[in-house]
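Chemist: Note that numbering that gives the first Met the number 0 gives residue 75 to position 76 of the sequence shown, counting from 1, and the numbers run on in steps of one. Beta carbons: idealized from backbone N, C-alpha and C, even for Gly.
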Amino acid sequence: MATTSLGDITSYKRLYMQFRDSEGKTVNLTLDNPKNLDDDDYDDLEAQSDAIEAVMDTIIEKNIFHNKGNDLVEKVDARIVDYKSTDVMDITE
Numbered sequence: 000m001a002t003t004s005l006g007d008i009t010s011y012k013r014l015y016m017q018f019r020d021s022e023g024k025t026v027n028l029t030l031d032n033p034k035n036l037d038d039d040d041y042d043d044l045e046a047q048s049d050a051i052e053a054v055m056d057t058i059i060e061k062n063i064f065h066n067k068g069n070d071l072v073e074k075v076d077a078r079i080v081d082y083k084s085t086d087v088m089d090i091t092e
C-alpha cells in the first residue's frame, strides 16, 4: 500500500458501465483508472464514447460476465467519475 502524508491529494477515475441482464435487472461493472479524454488517451469525446461502447458490446457479444446466471443483454449507461481525496490525519508507527 502506498504511503501518503498529511495533506497529500490522491485522485483516480472510475468507469461505471451499466447493463441489463436477461431478467431485466440492472448490472453494474466498474473499472479503475480507465483510458480517458482528460489524460489525452483519445482525440475527442466521440472517440472515447466509441471505445467504451465497443467494450460494452464485446462484453455482451462474448458473454463474458453473468449476473446470477443471467446473461448481460443490453447496454444501459456508462460514465467516468473523478474521485479526489485529501489525507487529513497522519499516523506514524
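To the nearest angstrom, report how far apart Y41 and I58 are at their CA atoms.
Modeler: In a straight line, the C-alpha of Y41 is about 21 Å away from that of I58.
Chemist: For a test of your reading of the model: does the CB of L28 fall under 8 Å from any non-hydrogen atom of the ligand NAD? Yes or no.
Modeler: This structure simply doesn't include the ligand NAD, nor any ligand for that matter.
Chemist: Evaluate contact between the stretch 42 to 49 and the stretch 5 to 17, counting only Cβ atoms and requiring at least three cross-stretch pairs below 8 Å.
Modeler: No contact exists between the stretch 42 to 49 and the stretch 5 to 17.
Chemist: Quick one: what's got a C-beta closer than 7 Å to D70's C-beta in the same chain, skipping five residues either side?
Modeler: Around D70: D20, S21, N62.
Chemist: Kindly indicate which three-state DSSP category T85 falls into: helix, strand or coil?
Modeler: Strand, per DSSP.
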